[in-house]
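Whatever position you read off the sequence shown (first residue = 1), add 1008 for the numbering used here.
Notes follow the structure.
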Amino acid sequence: KAVVSTQSTGALNEWDLKGGNSEWRQKLDTQRGDILTTEMKNNKCKLAKWTVSSILAGADLLKFGYVTRSMPRSSGESIGHSILATQQFIPKQFAAQISLDMNNAWGILRVIVDKCMQLKDGKYVLYKEPAKPVLRIYKVPENTFEENEDSADDED
1009 KAVVSTQSTG
1019 ALNEWDLKGG
1029 NSEWRQKLDT
1039 QRGDILTTEM
1049 KNNKCKLAKW
1059 TVSSILAGAD
1069 LLKFGYVTRS
1079 MPRSSGESIG
1089 HSILATQQFI
1099 PKQFAAQISL
1109 DMNNAWGILR
1119 VIVDKCMQLK
1129 DGKYVLYKEP
1139 AKPVLRIYKV
1149 PENTFEENED
1159 SADDED
């Protein structure tokens, strides 16, 4: 009998300031913990989002791929990407490792829902300020984000 296992995945992308020499290529095998710690520091929101999503989906595993650009061009563009390594975790254990408290996550969701329930009927955008712990709610016109039928026909 086959055992069914579910996983959620995410890609940690190496950001190379110098544009060419991949530090991950040299350090990933011997210093993976240091690289993951740096990613936790620089991308805590992304890792928390993936972890919460994984827990809510009931996934058995959470797997990260360490991705870098392959063959950078002189113009700064890249031809493609390479997955250098993967690492997997049990979602609830990884949540503990990054100090993610699910009760706190549910509390944040509750505050957002309560705030939205106080708003008048309409269409809104929930916007997270980049690099700031700020969420903003903007009211937008009802037809925002809707394609009209003429433009949809033009694409066919």
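Glycine included, each C-beta is placed from N, C-alpha and C at the ideal position.
| Query | Result |
| --- | --- |
| Leaving aside the five residues before and after Ile-1063 along the sequence, list all residues of the same chain whose C-beta is less than 6 Å from its C-beta, in chain order. | Pro-1099 |
| Check whether the Cβ atoms of Glu-1022 and Val-1060 sit closer than 8 Å, and answer yes or no. | no |
| Within its chain, find whatever has a CB closer than 7 Å to the CB of Gly-1018; leave out the 5 residues flanking it on each side and keep chain order. | Trp-1058 and Phe-1072 |
| Hey, Ala-1067 and Ile-1106 are a contact pair by Cβ (cut 8 Å); roughly how many whole angstroms apart? | No, Ala-1067 and Ile-1106 are not in contact; Cβ-Cβ is about 16 Å, not under 8 Å. |
| In terms of DSSP beta bridges, what is Lys-1136 paired with? | Leu-1143 |
| With distances taken from CA atoms, which of Ile-1043, Glu-1031, Asn-1111 and Met-1048 is nearest Phe-1102? | Met-1048 |
| Report the partner residues of Gly-1073 according to the DSSP bridge assignment. | Ala-1019 and Thr-1094 |
| When the Cα of Glu-1150 is compared with those of Trp-1032, Lys-1131 and Val-1012, which residue comes out closest? | Lys-1131 |
| Count the other CB atoms within 10 Å of the CB of Arg-1077; is the residue buried (16 or more) or exposed (fewer)? | buried |
| Select from Val-1148, Thr-1038 and Lys-1147 the residue whose C-alpha is nearest the C-alpha of Leu-1092. | Thr-1038 |
| Please identify the residue among Ala-1113, Trp-1032 and Ile-1087 whose C-alpha is closest to the C-alpha of Ile-1043. | Trp-1032 |
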